[in-house]
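Numbering-wise (my numbering), the sequence shown opens with residue 575 and increments by one. Here a beta-carbon is modelled for each residue, glycine too, at the ideal position from N, C-alpha and C. Note sheet for the following structure.
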Amino acid sequence: MNSSFLYHAWGLYIHKYTHEEYKGNTIILHVEAKDREKECPKYGYRHLVKNGFRIRDFIGLPIGGKEVVIRMKVQRYKCKNKDCDYDRQEKIPLATGSCGYTHRFAKYVVDLLRGMTLKDTANLLGVSWDTVKEIHTHHLENHYAPPSLEGVESIGIDEFAVRKGHVYKTIVVDLKSGRIIYVGDGKGADALDGFWKRIGRKGIDIKYVATELSAAFISSVYENCQNAVHVFDHFHVVKF
């Protein structure tokens, strides 16, 4: 397979193609490094030897309606110099850490999510909902900083259900600007722990808190924001 095509399609520029497999709707491309490492990256000793390898699979960009898996032989190297303890696997520039997908696949997922749901994207690409969610979460964490708490004095706290009511989230809203400034997992008092820690670190003085009649929210506000005026929203008071 042409090395230029490998680079432009999947970002493989230091690896070479050895052979391919076809299983159902999946193309499996077998690749390995073009050149072996010769110098110890740590001290520059020329005593580097191969020390085993492992096979790793990465989800690559689909082609022609086929799913693509890049099956890579990842070589491990060890420095034989007695003064060096270098013993690591070669670098994998097309993916990060233990991720089972390439950078280009992750970018494609993010592009699709601009107009599709997580479920639809997962179904289209033949991957799990969790994989798409993981990619989306990493993208948001890398591109969007935590919202500023500067000037926040009045907040509203509420819960909502996601995924057909099986998972709950707790949100904190700046009542002046309408911005969501925190999202916590669950609907218990501990869902707000991260928010109160940020408030404490930043030295923010919350003056007003609006919540529903949740025992968890009431106890959390009382414990962490005793000087604030605690207001129960009209809807829940009337309902009660």
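query, result
"So, helix, strand or coil for residue 612, using DSSP?", "coil"
"Residue 582 lies in the alpha helix (DSSP H); which residues open and close that run?", "577–584"
"For residue 717, is the classification buried or exposed, using 16 other Cβ atoms within 10 angstroms of its Cβ as the cut-off for buried?", "exposed"
"Residue 789: buried (16+ other C-beta within 10 angstroms of its C-beta) or exposed?", "exposed"
"Closest to residue 638 by C-alpha separation, out of 601, 619, 709, would be which residue?", "601"
"Between which two residues does the alpha helix (DSSP H) containing residue 727 stretch?", "It is not in any alpha helix (DSSP H) - residue 727 carries neither H nor E in the DSSP assignment."
"Can you tell me which residues form a DSSP beta bridge with residue 670?", "Residue 670 pairs with nothing; no bridge assigned."
"Considering only the alpha carbon of each residue, which of 617, 744, 780 lies closest to residue 760?", "744"
"In or out: residue 793 buried (at least 16 other Cβ within 10 Å) or exposed?", "exposed"
"If you compare alpha carbons, which of 796, 664, 787, 797 is closest to residue 806?", "787"
"Thinking just about the alpha-carbon of each residue, which of 722, 741, 783, 801 is nearest to the one in residue 775?", "722"
"Check this for me: beta carbons of residue 588 and residue 616, under 8 Å apart or not?", "no"
"At the level of alpha carbons, what is the spacing between residue 699 and residue 705?", "11 Å"
"What is the residue span of the alpha helix (DSSP H) that residue 772 lies within?", "767–776"
"According to the Cβ coordinates, are residue 606 and residue 651 closer than 8 Å?", "no"
"In three-state terms, what does DSSP make of residue 705?", "helix"
"Please specify which runs of the beta strand (DSSP E), each continuous and at least 3 residues long, are wholly inside the segment 620–668, giving them in chain order.", "622–637, 640–653, 661–663"
"Under 8 Å between C-beta atoms, does residue 675 make it to chain B?", "In the structure shown, chain B does not exist; there is a single protein chain."
"Over what stretch of residues does the beta strand (DSSP E) that includes residue 787 continue unbroken?", "Neither: residue 787 is in no beta strand (DSSP E) and is coded neither H nor E."
"Could you tell me which residues DSSP pairs with residue 735 in its beta bridges?", "742"
"Can you give the beta carbon distance from residue 634 to residue 703, rounded, assuming they're within the 8 Å contact cut?", "That pair is no contact at about 20 Å."
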